[in-house]
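Participant:
Residue numbers (the numbering used here): 5 to 149.
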């Protein structure tokens, strides 16, 4: 079910231990849902897919900074997850945010799962793999599942 909290659009599926999913920069919650939902059996987990501020259907924060995005996500977790223990997933920039959130919510975070995490957000300090063209991603994705 698609919902909204203080300008953040999110979607919730299932019941149980919350998993908060944070997508990468310039993506949206559907990119993460597309990857996980058809492939993984999530019995006993409440999946919360968020559109990061200014991406997908969410509105931008007043200042476009990592701190303002962090504050929005922190307020979201306090209000939507509450005091429950939860799991964090982050992809790329979402993983960068997930690391900060895991530190802030240390007593609540059961585990942190990251793919392609941003460790250094300073482009001069980052080491990135070379990008290459790919054959139709959907065909490849479904051929390996």
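We treat Cβ as the ideally placed atom computed from N, Cα and C, and that holds for glycine.
In this text, all values refer to a predicted model and were calculated from it rather than measured experimentally.
Once DSSP output is grouped into helix, strand and coil, what is the label at residue 53?
Facilitator: Indexing the chain shown from 1 puts residue 53 at position 49. Residue 53 falls in the strand class under three-state DSSP.
Participant: With a CB to CB cut of under 7 Å and the five nearest residues on each side skipped, what residues in its chain are close to residue 46?
Facilitator: The count along the chain shown starts at 1 and reaches residue 46 at position 42. Correct list, in chain order: 18.
Participant: For residue 115, count neighbouring Cβ atoms within 10 angstroms of its own Cβ and tell me buried if that reaches 16, exposed if not.
Facilitator: Sequence index remark: in the chain shown, residue 115 carries index 111 (1-based). By the 10 Å Cβ count, residue 115 comes out exposed.
Participant: At what residues does the alpha helix (DSSP H) containing residue 98 begin and finish?
Facilitator: Along the chain shown, one-based indexing puts residue 98 at 94. Residues 97–108.
Participant: Quick test of the definition: if touching needs 3 or more C-beta pairs under 8 Å, does the stretch 5–17 touch the stretch 54–65?
Facilitator: yes
Participant: Tell me which residue opens and which closes the beta strand (DSSP E) that residue 9 is part of.
Facilitator: Counted from its first residue, the chain shown places residue 9 at position 5. From DSSP, the beta strand (DSSP E) with residue 9 extends over 6–9.
Participant: Is it true that the CB of residue 108 sits closer than 8 Å to the CB of residue 89?
Facilitator: Sequence index remark: in the chain shown, residue 89 carries index 85 (1-based). Sequence index remark: in the chain shown, residue 108 carries index 104 (1-based). Not closer than 8 Å, so no.
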